[in-house]
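K.L.:
In the numbering used here, the protein residues as written are 1309 to 1406.
1. Roughly how many whole angstroms lie between the Cα atoms of residue 1373 and residue 1329?
2. By Cβ distance, which residues of its chain are closer than 7 Å to residue 1300, with the 5 residues on each side in sequence left out?
3. Quick check on residue 1366: does DSSP put it in helix, strand or coil?
4. Output the distance between the C-alpha atoms of residue 1345 and residue 1355, rounded to the nearest integer angstrom.
5. Okay, do the segment 1355-1366 and the segment 1322-1338 touch, 3+ Cβ pairs below 8 Å being the bar?
6. At the level of alpha carbons, what is the spacing between residue 1378 and residue 1396?
7. Per the contact definition of three or more C-beta pairs closer than 8 Å, is the segment 1365-1372 in contact with the segment 1385-1394?
8. Taking a contact to mean a Cβ-Cβ separation below 8 Å, would you say residue 1341 touches residue 1398 in this structure?
9. Could you pull out every residue in the same chain whose Cβ sits closer than 8 Å to the Cβ of residue 1337, ignoring the five residues on either side in sequence?
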């Protein structure tokens, strides 16, 4: 993992395209990048996304029950977009918007 950004910085960077992303899509990408392929890794990354959302940096724009098991069958999936506050934090971390 040498040379990788801190996970939450990388999450903000991925959302910086200002497009809407499902949590499971981002989790899969992050698991590959950070070699966190266990269930614990998956859930830890998802928790980091939830923390960014609870901190006002991401906003949930859609949610649905995972009926197909793409993340965890029966669990709630969220589609997120970066907020203006998230853009400011990303800029402060020199990730974008400079």
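All C-beta atoms in this analysis are idealised placements derived from N, C-alpha and C, irrespective of residue type, glycine included.
P.N.:
According to the structure data:
1. Residue 1373 and residue 1329 have their C-alpha atoms some 16 Å from each other.
2. This structure cannot settle anything about residue 1300, because the visible part of the chain is limited to 1309 through 1406.
3. Looking at residue 1366 - three-state DSSP - the assignment turns out to be strand.
4. For the pair residue 1345 and residue 1355, the Cα-to-Cα distance works out to about 15 Å.
5. Counting Cβ pairs under 8 Å, three or more are found: they touch.
6. Taking the straight line from one Cα to the other gives about 32 Å.
7. Using a C-beta cut-off of 8 Å, the segment 1385-1394 makes contact with the segment 1365-1372, since at least three inter-stretch Cβ pairs fall below that distance.
8. Not a contact, by the Cβ cut-off of 8 Å.
9. Taken in chain order, the residues that qualify are 1322.
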